[in-house]
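Asker: I have a structure here, written as structure tokens, and I will follow up with some questions on it.
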Amino acid sequence: MVLSTKFHMKMLGLAGQGKGSQDQTAQNRESGLGALSGYVNGLGMDEAYGLLRPQLDDVPIPLASTAVGLAAMAASDIPLVALGVSNPRTWGAEGWAADIIPHIIYGFVTVSAYELLTNRD
């Protein structure tokens, strides 16, 4: 974990105090915060798509799905890079695939659900 992330964890009062089980507690908190930020990112993208889609009727669904997925990917990856938690230059093809594929699937599911729930064609 990067110093800046540990600094933020300490500032939030979430960092462990020592080694061993307390270090495991800090790792669990970091993992939980990562999952929570994923939920916030997903809900935010859903909200943004729901607000923007009525103004973008001429955008085909496959393009909208890809755009939503890539926007969600950017929203999750940019903070990682900005905080120094990860460096995409070191990911390799397998790492990029592990990042892109779930986000594209998320975009497809988000757009499909919106289209089904709003009875759009």
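Here the sequence shown stands for residues 494 to 614, numbered as in the numbering used here.
Built from N, CA and C at the ideal position, the CB exists for glycine as well.
Please confirm if the stretch 588–595 is in contact with the stretch 547–559, defined as three or more CB-CB distances below 8 Å between the two stretches.
Answerer: As far as the Cβ criterion goes, the stretch 588–595 does not touch the stretch 547–559, which means the pair count is below three.
Asker: What three-state label does DSSP hand Val561 in the structure shown?
Answerer: In the structure shown, Val561 sits in a helix (DSSP, three-state: H, G or I).
Asker: When DSSP labels each residue in this structure, what does Pro553 get in the three-state scheme?
Answerer: In this structure, Pro553 counts as coil in the three-state DSSP scheme.
Asker: Around the C-beta of Ser558, are 16 or more other C-beta atoms found within 10 angstroms, so that it is buried, or is it exposed?
Answerer: Buried, by the Cβ-count rule.
Asker: Alpha carbons only, please: which of Gln520, Ala575 and Leu563 is nearest the one belonging to Asp539?
Answerer: The shortest Cα separation from Asp539 among Gln520, Ala575 and Leu563 belongs to Leu563.
Asker: Assuming Tyr599 and Ala565 are in contact, meaning their beta carbons sit under 8 Å apart, how far apart are those beta carbons, in whole angstroms?
Answerer: Yes, they are in contact, since the Cβ atoms of Tyr599 and Ala565 sit about 6 Å apart, within 8 Å.
Asker: My output table needs one value for Ser579: the three-state DSSP class, helix, strand or coil.
Answerer: Of the three classes helix, strand and coil, the one that applies to Ser579 here is coil, per DSSP.
Asker: Could you tell me the boundaries of the alpha helix (DSSP H) in which Trp584 lies?
Answerer: Run containing Trp584: none; DSSP gives neither H nor E here.
Asker: Would DSSP call Asn534 helix, strand or coil?
Answerer: If DSSP states are grouped into helix, strand and coil, Asn534 belongs with the helices.
Asker: Reducing DSSP to helix, strand and coil, say where Asn612 ends up.
Answerer: Three-state DSSP puts Asn612 in coil, outside helix and strand.
Asker: Nearest to Ser569 by alpha carbon, out of Gly537, Ser605, Asp516 and Ala519?
Answerer: Per the Cα distances, Gly537.
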